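Chains as they are written, first to last, in the working numbering: chain A, 1 to 167; chain B, 168 to 245.
Even for Gly, the Cβ is constructed at its ideal location relative to N, Cα and C.
Nothing here was measured: the structure is a model prediction, and the numbers come from that model.
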Amino acid sequence: MLLIKFWRRGLSAVFALVMSMNAHGVTIGQPAPDFTLKNMQGQNLNLTEQRGNIIVINFWASWCGPCRKEMPVLQALEDKYKDLGVQVWGINVEQENQAGRDFLANLELSFSIFFDETNKLSATYQVEAMPTTVIVDRDGIVRYVYRGFKDGYGKKYAKAIKKLIRE
Amino acid sequence: MIKYSVKGTLLLALFSLTGCASLSIEPWVKPYERQNLADSIMSASRHPIANMHVAHVLDGREAARGAESTEGGGCGCN
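Right under this line is the structure:
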């Protein structure tokens with residue numbers, strides 16, 4: 001009987017270990033990993049300092065077609081919900097980001113753009129698809145993770161943001 | 168009972184080892200590193216025009232080749 005008990009404990013430990021190995025960097029319901037980056041306007045922004053605001057973190061690159069399509073959608077979201085405490089943070093993941101900067105020059109974006117040249121942040125957030133959009137609520141908890149972008153995702157984002165605003 | 172749960176756990180461990188990205192083998196191009204794939208060093212040939220010419224010549228000479236993006240109607244005469 002005792003042996004069985006130990007066995008079970010051992011097995012559940014192995015199970016837990018295996019499960020923890022498969023855990024992702026960004027888990028829905030867990031605090032979003034903190035970071036500080038300088039945005040294109042030259043302002044240092046820290047994620048935990050934004051408690052009270054809803055942050056839409058979007059990982060993008062200029063070589064990624066859906067990301068390029070998504071930028072105006074994100075700008076529209078920022079414009080619409082800015083006054084309600086929503087910020088869009090666009091994180092460029094390119095190691096050499098001149099192409100990204102050129103792309104931005106043709107767009108009039110007002111939301112914060114960051115450059116993650118070292119890809120440390122992308123690794124922390126385990127960006128598994130391009131683009132990846134993470135929505136962090138007012139308490140700094142990851143609430144939504146969207147991988148990829150298709151037409152109609154803007155509506156999905158808006159719905160999620162509206163839900164978080166109402167909380 | 169124990170036997171089954173041992174088997175189950177081992178199976179689970181195996182799945183986890185083989186199928187999941189968290190234990191993947193490095194180096195692995197992450198989605199955010201795909202810029203590297205577009206680097207010119209990744210292309211097999213650095214001379215696209217010469218490459219197209221060779222493809223065209225081989226297309227005309229070898230029966231086993233063809234349909235490689237060189238133009239032609241499929242008559243075998245190009």
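By a C-beta neighbour count over all protein chains shown, 10 Å radius and 16 as the cutoff for buried, is residue i buried or exposed?
| i | result |
| --- | --- |
| Ala217 (chain B) | exposed |
| Arg143 (chain A) | buried |
| Glu49 (chain A) | exposed |
| Ala231 (chain B) | exposed |
| Leu107 (chain A) | exposed |
Using beta carbons (cut-off 7 Å, strictly below), is residue i in contact with chain B?
| i | result |
| --- | --- |
| Met130 (chain A) | yes |
| Asp145 (chain A) | Reading off the sequence, residue 145 (chain A) comes out as Val, not Asp. It does not; no Cβ of chain B falls within 7 Å. |
| Trp187 (chain A) | Absent from the model: residue 187 (chain A). The displayed extent of chain A is 1 to 167, so no value can be given. |
| Asn39 (chain A) | no |
| Val127 (chain A) | yes |
| Asn119 (chain A) | yes |
| Ser110 (chain A) | no |
Quick check: is the beta carbon of residue i nearer than 7 Å to any beta carbon in chain A?
| i | result |
| --- | --- |
| Pro198 (chain B) | yes |
For residue i, does the three-state DSSP call read helix, strand or coil?
| i | result |
| --- | --- |
| Ile161 (chain A) | helix |
| Ile208 (chain B) | helix |
| Thr36 (chain A) | strand |
| Val56 (chain A) | strand |
| Leu45 (chain A) | strand |
Subject >> Contacting positions in the segment 82 to 99 of chain A - beta carbon closer than 8 Å to chain E >> reply: Here the protein chains are A and B, and chain E is not one of them.
Original post:
Which full runs of the beta strand (DSSP E) of 3+ residues lie inside the segment 62 to 118 of chain A, going along the chain?
Top reply: The beta strand (DSSP E) runs lying completely inside the segment 62 to 118 of chain A and spanning 3 residues or more are 86 to 92, 112 to 115, given in chain order.
**OP:** Tell me the start and end of each unbroken alpha helix (DSSP H) in the segment 119 to 160 of chain A that is at least 4 residues and wholly inside, in chain order.
**Re:** Runs of the alpha helix (DSSP H) inside the segment 119 to 160 of chain A: 120 to 124.
**OP:** Pair every Cβ in the segment 130 to 143 of chain A with every Cβ in the segment 97 to 106 of chain A, then say whether three or more of these pairs are closer than 8 Å.
**Re:** Because the criterion of three Cβ pairs below 8 Å is not met, the segment 130 to 143 of chain A and the segment 97 to 106 of chain A do not touch.
**OP:** Could you say if the segment 194 to 202 of chain B and the segment 53 to 65 of chain A meet the contact criterion of at least three C-beta pairs nearer than 8 Å?
**Re:** Touching, yes.
Original post:
Quick one: any contact between the segment 155 to 166 of chain A and the segment 26 to 45 of chain A, if contact means 3 or more CB pairs under 8 Å?
Top reply: Contact fails between the segment 155 to 166 of chain A and the segment 26 to 45 of chain A, because fewer than three Cβ pairs, one in each stretch, are under 8 Å apart.
**OP:** Mind the definition here: the segment 30 to 47 of chain A touches the segment 137 to 153 of chain A only if three or more C-beta pairs lie below 8 Å; say whether that holds.
**Re:** Using a Cβ-Cβ distance cut-off of 8 Å, the segment 30 to 47 of chain A and the segment 137 to 153 of chain A are in contact, since at least three pairs of beta carbons, one from each stretch, lie closer than that value.
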